[in-house]
Amino acid sequence: MSDFDFVGSVIEVVESIPPGKVMPYGEVAAAVGSRAPRAVGRVMALYGEDLPWWRVIRASGRPPQCHEDQALPHYEEEGTPLVKSADGYRINLRLARHRP
DNA sequence: GCGCTGACGGAGC
DNA sequence: TGCTCCGCCAGCG
């Protein structure tokens, strides 16, 4: 697996996430056979423009920092289980977590 | 070839 | 429940 295309695999996994579901960075990294959730975030920052990046969130149940406001409308549109929090809102990983 | 940074995760307090 | 510290890997100068 040395030819392993990290970026390509990450993009493939993110696009495989169905609407209304989400997947933590750690899960995406594990899905591509890696342990670098940070690297996944980098891919989103670079290629996220062509991907449903809002379906990829942190293990804390919150979307990428500085992007929560942009992700919110997407969740409401896809019917993603949300939980209102003191800070604003949060994703209900219990219901929204996508399992391959 | 080396070091720093980053849309993070988990454990500890 | 929220914040802090350390560790992880991949990309770039």
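Numbers given in my numbering equal positions in the first sequence, counted from 1, plus 176.
Yeah, the Cβ is synthetic: ideal placement off N, Cα and C, and Gly gets one too.
> Taking the continuous alpha helix (DSSP H) assigned at residue 267, which residues delimit it?
Replying inline: Looking at the DSSP string, residue 267 is not in any alpha helix (DSSP H); the run it does join, the beta strand (DSSP E), is 264 to 267.
> In chain order, what residues of the same chain lie with their CB nearer than 8 Å to the CB of residue 204, ignoring the 5 residues before and after it?
Replying inline: 186, 189, 190, 213, 216, 232
> Cα-Cα, which of 182, 221, 211 is closest to residue 242?
Replying inline: 221
>> Classify residue 269: buried if its beta carbon has 16 or more other beta carbons within 10 angstroms, exposed otherwise.
In response: buried
>> Quick check on the DSSP output: what are the complete alpha helix (DSSP H) runs of length 4 or more inside the region 180 to 223, in order along the chain?
In response: 182 to 192, 201 to 207, 213 to 223
> Can residue 256 and residue 196 be called in contact, C-beta distance under 8 Å?
Replying inline: yes
> Using DSSP with H/G/I as helix, E/B as strand and the rest coil, what is residue 248?
Replying inline: helix
>> residue 228 and residue 193 - do their beta-carbons sit closer together than 8 Å?
In response: yes
> Between the C-alpha atoms of residue 260 and residue 276, what's the straight-line distance to the nearest angstrom?
Replying inline: 27 Å
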